[in-house]
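In this note's numbering, the protein residues as written are -17 to 333.
In what follows, a structure is listed as structure tokens, so that the remarks can point back to it.
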């Protein structure tokens, strides 16, 4: 009997020890179940860096190309600086220096960090540019400068030299003799004024070249072509046109009205509608600006100035590209690469 009691007690003691061991294991060997920590709240989206872009006229395809270049640069640079870049297109529908000045004021009020502008009238926009800079807004010009303003940089061709080249190429095409007219666009545009001066300076070097006049017009294709036809009607022996802008060649009108055997044109710019004039021999040379780069390089330089605090040269030069029948294919493909959808397929196939 005593042995049975001792056995029972031993069994109970063994069970108690086992229970204590299990309890200890539960306390020390098994991890506690914890709820997953809540993710940290998302950082607020960075405020866009707003850059106002003001071309001369929203109906001019050369400024639409500049806009495309600007937007491409903004997209690329946004990821690099970790902040979205917004290009605010604030170009007037037609050339209007006073309206450009108003758009500068508007851009400042709407919180732009910088402005990229091609000046229709330097005198009208300079006070607005200076006021923008006084409010901490950086201003850069392209294509047409306001050199007396407080803008930090200008990007574009040397307009006087470009005008000289237009006349030099035209004199060569005419064999150094003949009556020539200058098509000059907006009389108030500082870049066009310098190009006209360059044309006249170069013409003076060619005794056989006679200038019949400088002719201004509204910068629309139809208005420019109409002015060419009006002047050509008054001067039946006119042999050449020195065009400091390509407005008249944006329409096909002159292809059917001017005889390439009698008249030659050398013009600034070489956008898709103008290429037919090269192919048919009416414009043996076009001196092409690179409008896509106006916007692309312009936005890049603004980011260098505003974000990276780099020193940007006061003048960032652009070289004109000479487009001839021999280089027509290469130039057509360059335009297509820049996003011009209206480049004729036959020119893209040229070697």
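Heads up, the beta-carbon is just placed ideally off N, CA and C, and yes, glycines get one too.
Inclusion of residue 295 and residue 48 in the CB contact set at 7 Å is not warranted, their separation being larger than that value.
Per DSSP, residue 124 is not a residue of any alpha helix (DSSP H); the beta strand (DSSP E) it occupies stretches across 120 to 124. Between the beta-carbon of residue 166 and that of residue 148 there is about 11 Å, and that puts the pair past the 8 Å contact cut.
For residue 197, the pairing in a beta bridge is given by DSSP as 165.
Going by C-alpha positions, residue 209 is about 33 Å away from residue 111.
By the criterion of a C-beta distance shorter than 6 Å, residue 292 is surrounded in its chain by 286, once the five residues flanking it on both sides are discounted. Counting only the Cα atoms, residue 236 lies some 11 Å from residue 245. In this structure, 231 is the residue among 231, 124 and 141 with its C-alpha nearest to the C-alpha of residue 267. Here residue 155 has 246 and 266 as same chain residues with Cβ atoms under 6 Å from its own Cβ, once five neighbours each way along the sequence are excluded.
The shortest CA-to-CA distance from residue 68 to any of 74, 60 and 75 is the one to 60. Counting every other CB atom within 10 Å of its CB across the protein chains shown gives residue 103 a total of 16 or more, marking it as buried.
Residue 115 places its beta carbon 7 Å or farther from that of residue 94. Secondary structure of residue 96 (DSSP, three-state): strand. Distances from the alpha-carbon of residue 305 to those of 254, 288, 89 and 30 put 254 closest.
DSSP places residue 111 within a helical segment (H, G or I) once states are collapsed to three. With 16 or more neighbouring CB atoms inside 10 Å of its own CB, residue 53 falls in the buried class.
In terms of Cβ geometry, residue 50 and residue 321 form a close pair [threshold 7 Å].
For residue 70, the closest of 31, 83 and 76 by C-alpha to C-alpha distance is 31. In the three-state reduction of the DSSP assignment, residue 184 falls in the helix class, which pools H, G and I.
No Cβ-Cβ contact shorter than 7 Å links residue 153 with residue 288. Following the DSSP letters along the chain, one finds residue 223 inside the beta strand (DSSP E) bounded by residues 220 to 225. Here residue 175 is buried. Its C-beta has 16 or more other C-beta atoms within 10 Å.
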